[in-house]
Structure formats: C-alpha cells, structure tokens
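K.L.:
Residue numbers (my numbering): 24 to 396. By construction, the Cβ of each residue, glycine as well, lies at the ideal position given by its N, Cα and C atoms. Below you will find the structure I want to go over with you.
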Amino acid sequence: MKTAVVHEWLVTYAGSERVVEQLLKLYPEADLFSLVEFLSEPLQTFIQHKPVKTSFLQHLPFANPHFRQYLPLMPLAIEQFDLSDYDLILSSNHAVAKGVLTRADQLHICYVHTPVRYAWDLQPQYFQPGTSVARGLRRTIAQVVLHYLRLWDVATVNRVDHFIANSRYVARRIWKTYRRDAAVIYPPVNVERFQPTDRRDDFYFTLSRFVPYKRVDLIVSAFNQLGLPIVIIGEGSDWNRIQAMAKPNVRLLGHQPDEVVIDYMQRCKAFVYAAAEDFGISLVEAQAAGAPVITYGKGGATESVIPGKTGLFFSEQTVESLIEMVKLFESGVYLFNPDYLRQNAERFTSEQFRYKISQFIEQKWALFSKGMA
C-alpha cells in the first residue's frame, strides 16, 4: 500500500513530531506532507532527511517564523495537497491535518493529539487579560477566525475513517467535539534519555512552553509564596509577564539544550506541572528520571501518574491548591521509589507505541481491503 503521512507543520521536535518520527520508522517508504517545513539541519534526522511536500504557505512572506499568523489560510492550504496516488493516509492532527481530501477507496487514519484547542475548550484562556488578543480589533478578528475554524473542523470529521487519541482524556474530547469514537494509543516517550537516581538535590523543576494554558504563572505565584527554590526551563509568548512576576527563588533559564534538561530532571526534588495536558510527555519523562510529579489532577496526567506512588495531584488549578500539595510533599508523608517511577514510565516507550499503532493500522487495512470497513 502506498502511504502518505500528513502533519501540520515541521518546525521543531516536540510531542507531535515524535509520533511522525515513529510513523516514518514503521513506513519508511511513506511520503511526508506538511503545511510548512523549517527544520534545522540537525532536526532533519527525525524525518530521515526525507523531502517534505509543503503547501503554498511555505512561500508566503514572513512564514518563517510567523507561520501561525496564517491560521485563517490553513484549512484551504491543507485541502490543496494532492493525495490521489495513495492507498493509506496517516494524519497527525492538532489543528487542521485531518482535513485533507481523500476518496472512498483510500483509508484515512487520524492520530489526534488534541482537537484544535484554541478553537474549542481552551479558547477563553487565549483571550485572558495580558494576551496579544485580549481586546480591541485583534480580539474581534480572532473570534471571527476561530468561529470559522470550528465550522470547518466539524465539517471535515467525516473525511477520517478511524480516529486514534493520544489519551482517554482526548478521546472524550473527540467524542464531545466530533461525536466520533477513538481508539486510545499513548504517544511515544523516549524514556531511555533518562536514568533514575536516588540522589535528589534541593530544588523543584518544571519544563514548559510559556503560553497561557500551560499555567506557568500559577507555578511562579505559588513558589513566590512558598519561597522554595524552583528551576523553570522554557520560552514562549508569556515570557515577559512571567519574568516580571518571578522572585529570586524562581530561576528562569529560558530555552536550554537537551543535556541541560536531562541534568535538571535527574537531580530535581520533584517535577511540578500545572496544565491540564492532553497527555503530558514531560510528566512521563520526569518519572523515567526518578523524579516524583506534583501536577494538576486532570487530563492525561491521571493516566500516567499514580497518586501516592509516582506523584501527587492538586485538585484545583489555583495557587492555594498547589501550595497545599507542595507542603504535603515537603512533609515527607509520601516516599517515592525511583525504580518504581521508572517502571511506570516504561509503559510509554517508543517500542510500545510502534507495536500498538502498527497492529491497529494493519487490522483496519485488512478489513478495508476486504470492503468490510
């Protein structure tokens, strides 16, 4: 079967790109499509240095690095891909990839990282005071664009034959948004990067993009009050606001290379996280490094963290709730075994992902080729 892999944009190597990487390992002869591709030479490795078939967005002014400003054009751009030569289409979707045009004699399987979050359940967070679209004409334009995107997003649901969700939490959101069932296959996590250790230094750690829904501001506010040392690695649109909030016990390191991230993850007292994540790869990485997790008890975290054994959940997305849970952790009531943390993380290896998704695809292809699905 001739296979196409479709992704929204290739500009970095993060959670959704790891899925693309594993799909290309399973189907090395597949052709790769993406709205834009601006990968640096070292990052070309994860796509096997494949040529990428891009859309007209690739050539628009300032597309690199401001391709997200062309969101209103993305539905049109994804529909311009000619996939008529392919038997199997595998789309990796967190925005518009599922909207590719296919025929009845083509099998389209879509792996959903999230229904486009800024158009659906997380829209209010993107219009909070202090954000770039909080008020005025920009807010009005953004609301119109997102309204149009929601209409298009629902209209394209039936272009997909089978949905796969990256967590039970996302599967519920797929049902709520699209009224379609989704199989659950957890995303690949490179747990081999980390080694668990009994030696934990006296600081907390978080790794996150600085965008509204990640709630880095909540962590900073809590640790400002606690006065405990915390190291934060990441960057994003909220950087200036969060930097202005941080007291001396909060160290903001910005973007750091992989070896620095690994070092802090393997030495921290605990990994702190405040977002309601779709899955939460960094939560699994922390456990692989032997670091207990203190996280908001909602979303994908409830599927990868075992309360009392590999981490603790705070019940409300508030400063007070996080402070209460950090104090409980500091009390020493709970003891965490690094080897058990690592064992739990190994449920989410790349090998597990490839095995489960290949079984799913092969089963669906066998039924489809017989005209049964």
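My output table needs one value for residue 116: the three-state DSSP class, helix, strand or coil.
P.N.:
strand
K.L.:
If I follow the unbroken alpha helix (DSSP H) through residue 30, where does it start and stop?
P.N.:
Not the alpha helix (DSSP H): residue 30 falls in the beta strand (DSSP E), residues 26 to 33.
K.L.:
Identify whether residue 162 lies in helix, strand or coil by the three-state DSSP scheme.
P.N.:
helix
K.L.:
If I measure Cβ to Cβ from residue 341 and keep anything under 8 Å in the same chain, skipping five residues before and after, which residues do I get?
P.N.:
241
K.L.:
Taking 8 Å as the threshold, find out whether the region 85 to 101 comes into contact with the region 48 to 60 through three or more Cβ pairs.
P.N.:
yes
K.L.:
CB-CB under 7 Å to residue 180, same chain, minus the five flanking residues each way: which ones, in chain order?
P.N.:
For residue 180, where only same-chain residues beyond five positions count, the Cβ hits under 7 Å are 201 and 203.
K.L.:
I'd like the span of the alpha helix (DSSP H) that includes residue 376, first residue to last.
P.N.:
373 to 392
K.L.:
So, using beta-carbon positions, are residue 87 and residue 34 closer together than 9 Å?
P.N.:
yes
K.L.:
From the DSSP output, which residues share a beta bridge with residue 227?
P.N.:
253 and 293
K.L.:
For residue 134, which of 279, 223, 167 and 41 has the nearest alpha-carbon?
P.N.:
41
K.L.:
How long is the line joining the alpha carbons of residue 352 and residue 318, rounded to whole angstroms?
P.N.:
12 Å
K.L.:
Report yes if the C-beta distance between residue 101 and residue 28 is below 9 Å; otherwise report no.
P.N.:
Taking 9 Å as the Cβ cut-off, residue 101 and residue 28 do not qualify as a contacting pair.
K.L.:
Taking C-alpha atoms, which residue in 184, 330 and 171 lies nearest to residue 132?
P.N.:
184
K.L.:
Could you tell me the boundaries of the alpha helix (DSSP H) in which residue 311 lies?
P.N.:
304 to 311
K.L.:
Three or more C-beta pairs under 8 Å: does that hold for the region 291 to 303 against the region 235 to 250?
P.N.:
Touching, yes, given that three or more Cβ pairs across the two stretches are closer than 8 Å.
K.L.:
Report the three-state DSSP secondary structure of residue 60 (helix, strand or coil).
P.N.:
strand
K.L.:
For residue 220, which beta-bridge partners are listed by DSSP?
P.N.:
Per DSSP, residue 220 has no beta bridge partner at all.
K.L.:
Please look up how many angstroms separate the CB atoms of residue 448 and residue 376, rounded, as I've assumed it's under 8 Å.
P.N.:
What the structure shows of the chain is the stretch from 24 to 396, and residue 448 is not part of that stretch, so it cannot be assessed.
K.L.:
What is the DSSP secondary structure of residue 74, reduced to helix, strand or coil?
P.N.:
coil
K.L.:
With DSSP as the reference, label residue 54 as helix, strand or coil.
P.N.:
Here residue 54 sits in strand by DSSP.
K.L.:
Is residue 335 close to chain D, meaning its C-beta is less than 9 Å from at least one C-beta of that chain?
P.N.:
Protein chains in the displayed structure number just one, and chain D is not present.
K.L.:
Count the other CB atoms within 10 Å of the CB of residue 85; is the residue buried (16 or more) or exposed (fewer)?
P.N.:
The residue is exposed, with fewer than 16 neighbouring Cβ atoms inside 10 Å.
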